Amino acid sequence: MRQSIAPSRISHAASLASQANNATATSRLLEKKKEFEAVAALERASALFLKRIEGLADDCEVMADAGQVHGQVLEQWPLMFQSLSLFLNSREQHLSDPGDATVPLTGERLVRVPLDELQADASK
Numbered sequence: 131m132r133q134s135i136a137p138s139r140i141s142h143a144a145s146l147a148s149q150a151n152n153a154t155a156t157s158r159l160l161e162k163k164k165e166f167e168a169v170a171a172l173e174r175a176s177a178l179f180l181k182r183i184e185g186l187a188d189d190c191e192v193m194a195d196a197g198q199v200h201g202q203v204l205e206q207w208p209l210m211f212q213s214l215s216l217f218l219n220s221r222e223q224h225l226s227d228p229g230d231a232t233v234p235l236t237g238e239r240l241v242r243v244p245l246d247e248l249q250a251d252a253s254k
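Take 131 as the starting number for the sequence shown in the working numbering and just add one per residue.
If you want it as structure tokens, here you go:
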């Protein structure tokens, strides 16, 4: 007696269907791999961008501190000019009055201010 070929045809059809499903799954897997690689590249780019932005923030903080220092220096210039004006006025008065030749000129000596000591006292 001869065996029927019908069961082998069914299994052949099933293997063709499983191969089609396998090809679909493989193509889907490749798409997911590409998607994962794109997300990983985006994460790397985001981390690099974050580092650059943090560097800019640090630079901005340094510039802000420098701006405060410049402001403090500029704040002192009017006082410096006022002191210079007072000295020049007193010198002109002394030169115009020759009778007081024995009186030393006020403001003609240099004074050393111990800044380190003053800063140490201020920090205590």
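Think of the CB as a built atom: it goes at the ideal place given N, C-alpha and C, for glycine as much as any other residue.
Quick caveat: nothing in here was measured; it's all calculated off a predicted structure.
Please state whether DSSP places residue i in a helix, a strand or coil.
i, result
"Val241", "coil"
"Lys254", "coil"
"Asp189", "helix"
"Asp227", "coil"
What I want to know is whether the C-beta of residue i ends up closer than 8 Å to one or more non-hydrogen atoms of the ligand FAD.
i, result
"Leu248", "No copy of the ligand FAD occurs in the structure displayed, which carries no ligand at all."
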